[in-house]
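Shown next, in structure tokens, is the structure this report addresses.
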Amino acid sequence: MTPLKRDPAGRGMPRTPEHTGRNTMSNEQFNLLDKDVLTTGEVAKICNVASRTVSKWFDSGQLKGYRIPGSKDRRIPVGNLLTFMREHEIPMDGLMSGRPRVLICDQDEGVIDTLTSVLGEQTNFDVHTCESLFAAGMECERFRPHVMLYELGVSDDDGRQLCSMIRGNEELQDTRIIAMSSRVTDGQTSQLMQSGFDGVLRKPFTVRQVIEAVETAHAVVY
């Protein structure tokens, strides 16, 4: 069973991904270096770190920039960022990509294939997937997703453990976690939010609901 409802255009139907492996890459990219000055969130995307880490670089004087007069907002000129990245040998891979990184964790391969396919077709999200709590922890360390979609199992214990792991990692403080479930009640939704989840998607859901949930969660931080 696919968790996605069919919409009038036929979107949300399972397809076999054309890529190799479980990662999908869109041809559409947003060049952050079209700008002369970047926010700490944009620098965090480029360097693949948490916004808090960028703020520490700025506050310690390692990364040169300035504050907006009358506010605490930091701004980093692109030239200063490039110098900083070269000095600290930070990979330049992120310079041409400002795409939201999304990690999907679900034991149902059909769900994974469907979500990977439709998100690859209809968004510029950089999507990675995994099928277990252990794999999710490993992938979070490596991929550092902006948003994670996590399928709740029979027990909510794994979900709480996942939230605890992510919230306890300084480099994952900006990761937003969205639970997916077909059985969650309003009361359970409140409990999940208190446990560290940032949102809940109830199955069956539409493609648009998934996209909006990711975009909303991503916008909270970035």
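With the first letter of the sequence shown counted as 1, position 121 gets the number 121 in our numbering; the numbers rise by one all the way through. Backbone N, C-alpha and C fix where the C-beta goes; we use that ideal spot for every residue, glycine too. Given the structure is predicted, the values throughout are model-derived calculations rather than measurements.
Point to revise | Coarse secondary structure for Met193, derived from DSSP in three states | key: Correct three-state label for Met193: helix.
Exercise for review: Would you give the residue range spanned by the alpha helix (DSSP H) that Ser117 belongs to?
Suggested key: Unbroken alpha helix (DSSP H) run through Ser117: 109 to 122.
Review point. When you compare only the Cα positions, how much space is there between Val111 and Gly196?
Key: Going from the Cα of Val111 to the Cα of Gly196 covers about 24 angstroms.
Check your understanding: With Leu172 and Cys140 assumed to form a contact (beta carbons below 8 angstroms), what rounded beta-carbon distance in angstroms separates them?
Key -> Leu172 to Cys140, Cβ: 6 angstroms. Contact.
Exercise for review: Count the C-beta pairs between the region 134 to 150 and the region 174 to 184 that are closer than 8 angstroms, then say yes if the count reaches three, no if not.
Suggested key: The region 134 to 150 is in contact with the region 174 to 184.
Check your understanding: Tell me which same chain residues have a C-beta within less than 8 angstroms of the C-beta of Cys163, skipping the five on either side of it?
Key -> Only Ile177, Ser195, Gly196, Phe197 meet the Cβ criterion.
Exercise for review: Identify the continuous beta strand (DSSP E) that holds Ile177 and give its terminal residues.
Suggested key: Element bounds for Ile177: 176 to 181.
Review point. Grouping DSSP H, G and I as helix and E and B as strand, with all else coil, what is Gly70?
Key: Secondary structure at Gly70: coil, using DSSP grouped into helix, strand and coil.
Review point. Under the rule that 16 or more other beta-carbon atoms within 10 Å means buried, what is Ile68, buried or exposed?
Key: Counting C-beta atoms within 10 angstroms of its own C-beta, Ile68 has fewer than 16 neighbours from the protein chains shown and is therefore classed as exposed.
Review point. Would DSSP call Glu131 helix, strand or coil?
Key: Three-state DSSP puts Glu131 in coil, outside helix and strand.
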